[in-house]
Amino acid sequence: MVETDSHIGVKPMSLLKGINRLPMWEIEVLTIDIAQLRKKIGYSQSEFAKSIGVSKGTLLGWEQGRRRPTGAARVLLGMIDKRPSIVQELLSA
Numbered sequence: 001m002v003e004t005d006s007h008i009g010v011k012p013m014s015l016l017k018g019i020n021r022l023p024m025w026e027i028e029v030l031t032i033d034i035a036q037l038r039k040k041i042g043y044s045q046s047e048f049a050k051s052i053g054v055s056k057g058t059l060l061g062w063e064q065g066r067r068r069p070t071g072a073a074r075v076l077l078g079m080i081d082k083r084p085s086i087v088q089e090l091l092s093a
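Each residue of the sequence shown is one higher than the one before, counting from 1 in UniProt numbering.
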């Protein structure tokens, strides 16, 4: 026998009342063609992966669309996209 929530006195549909009054936010999703970005700065996959501190396998996953960069990697890739010379500037410092 399958138990239901009816024994606790809450009707599931009553939980949805007022849901349209919740605040909505727009989220900008970073979409960067990482392979194109890497080629734009003239790095091989190994060089680019090393320069941003990730494994070549991680970079391959991003380039092939199997995975997406998150956190600091996403921010860094956004910075590189806006200013490609930043990699060389930071590595030569």
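For glycine and all other residues, C-beta sits at the position ideal for the given N, C-alpha and C.
- Boundaries cannot be given for G42, as no alpha helix (DSSP H) includes it and DSSP labels it neither H nor E.
- Secondary structure note for Q88: its alpha helix (DSSP H) is the uninterrupted segment I86 to S92.
- In the three-state reduction of the DSSP assignment, I34 falls in the helix class.
- For G61, the enclosing alpha helix (DSSP H) has its first and last residue at K56 to E63.
- Excluding the 5 residues flanking it on each side, I80 has same chain C-beta neighbours closer than 8 Å at L37, I41, I52, I86 and V87, in chain order.
- For G71, the enclosing alpha helix (DSSP H) stretches over residues G71 to K82.
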